[in-house]
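Using the working numbering, read the sequence shown as starting at 7 and increasing by one per residue.
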Amino acid sequence: MAKVALVTGAGRGIGRGIALALAERGWSLVINYRGNAATASETAGMVREAGGAALVVQADIGSAADRARLVQAALEQFGRIDLLVNNAGMGPRTRMDILETTEESYDEVMNVNLKGPFFLSQLVARTMLEQLEAGPAEADGGGPQIINIGSISAYTSSPARGEYCISKAGVGMMTLLFADRLAESGINVVEVRPGIVETDMTSTVKEKYDKLIGDGLTPIRRWGQPEDVGKAVAALAEGLFPFSTGAVLDVDGGFHMHRL
C-alpha cells in the first residue's frame, strides 16, 4: 500500500517540487493550497502522471477549522498520514523597514509560517500516534515523519522583511520541540532549510540574486530549484536517515558556510 504524504502549499514552487519527488517514488499525495486552485490542479495532474494518487484540498493552514478539515479529508480519502511536510509559507506583502513593519503584516506572516504549521503538526502528530497504537512502525526509519521547510532567513538578517525571518527562526525551534517530544514514539522530525530557490516568491528579486550568485554568494554558483528541495525531502521520507531527528538538512548551495 502506498504511503501518504500531506504537503501544504503544494500548488507551485517548492511544494510542487516536493510533491512530484514523492509521487515519483510511489507516494500518494494530499495537495494543499490556499488560493490558487488552477496551479494545485496542475500539480495533481503532474503527480498522477508520475504514478501517484492525488487529493487536492483547499485550506488556509492559519485557520483552525481549515486545518481540521484538511486532516479529515486526508484520512477520509487515504485512511492514514505517513508524512507531513509543512511547506506553506509567505513573505510580507510589502517589504518595509523593520521600524515601519505593521502588526497586520507581522500577524499575517506569523499565522501562515509558524502558528499554522505548529498547530497542524500537533494535529497530525496525534493522528500518527493513533496509527502507531493500531500497529507498530516499520523498522529503520519507516515510521511516520514530519518535515518542516525552513529557510536561510532563520539566521540571515533581512531588516526589510523581519517578520519572515522571525517566523523561519521559529520553525527551527518548532522542529526541535516536536522532535524531542515524538522521538520516543518513533516519529522523526527534521527541518529542510532551502537557500535561494527560483520560485514565484523570489521572482521580484531575480536580477539582484543573479548577480550575487554569479559573484560567488553561494559556492555552488546557481539558483536552487524546487526539485533540489524535493529530492532532499524524498530522501528523508524514504527512511534513508533513520537515526536523525531534530536535524537541519541544508539545501542552499553552501550558503551556510562561513568563508574567508
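Note that CB positions come from ideal geometry on N, CA and C, so glycine has one too.
With distances taken from CA atoms, which of the options is nearest residue i?
i    : options             : result
V77  : R18, V13 and L138   : V13
H262 : G201, F247 and F184 : G201
V10  : L266, E244 and G252 : E244
D234 : G23, A8 and G15     : G23
G41  : G57, R18 and R54    : R18
G15  : G57, A59 and R73    : R73
May I ask you to report which of helix, strand or coil DSSP gives residue i?
i    : result
N117 : helix
S34  : strand
L246 : coil
A145 : Low local confidence applies: a pLDDT of 46 at A145 is under 50, so the model's placement there is unreliable, with the coordinate-based value given in what follows. A145 falls in the coil class under three-state DSSP.
D258 : coil
A59  : coil
A11  : strand
When every heavy atom of the ligand HEM is checked, does at least one fall within less than 7 Å of the C-beta of residue i?
i    : result
P232 : No copy of the ligand HEM appears in this structure; indeed no ligand is present at all.
Would you kindly work out how many angstroms separate the C-alpha atoms of residue i and residue j, rounded to a whole number?
i    : j    : result
K217 : P165 : 21 Å
H264 : L28  : 32 Å
V211 : A140 : 49 Å
S34  : L105 : 45 Å
D146 : E190 : Any reading at D146 must be qualified, since the residue scores a pLDDT of 48, below 50, and its modelled position is unreliable; no value is offered.
F249 : T108 : 42 Å
L138 : V203 : 36 Å
L61  : T49  : 10 Å
V254 : S127 : 17 Å
L90  : I152 : 5 Å
T133 : V115 : 26 Å
L188 : A25  : 24 Å
I87  : G222 : 41 Å
Less than 8 Å between the CB atoms is what I'm expecting for residue i and residue j, so what's the real figure, rounded?
i    : j    : result
I226 : A131 : 34 Å between Cβ atoms; not a contact.
Can you list, in chain order, the stretches of the beta strand (DSSP E) that have 3 or more residues and sit fully within the stretch 189–228? 194–200
My parser needs the alpha helix (DSSP H) runs of 4 or more residues fully inside the stretch 68–114; what are they? The qualifying runs are 70–84.
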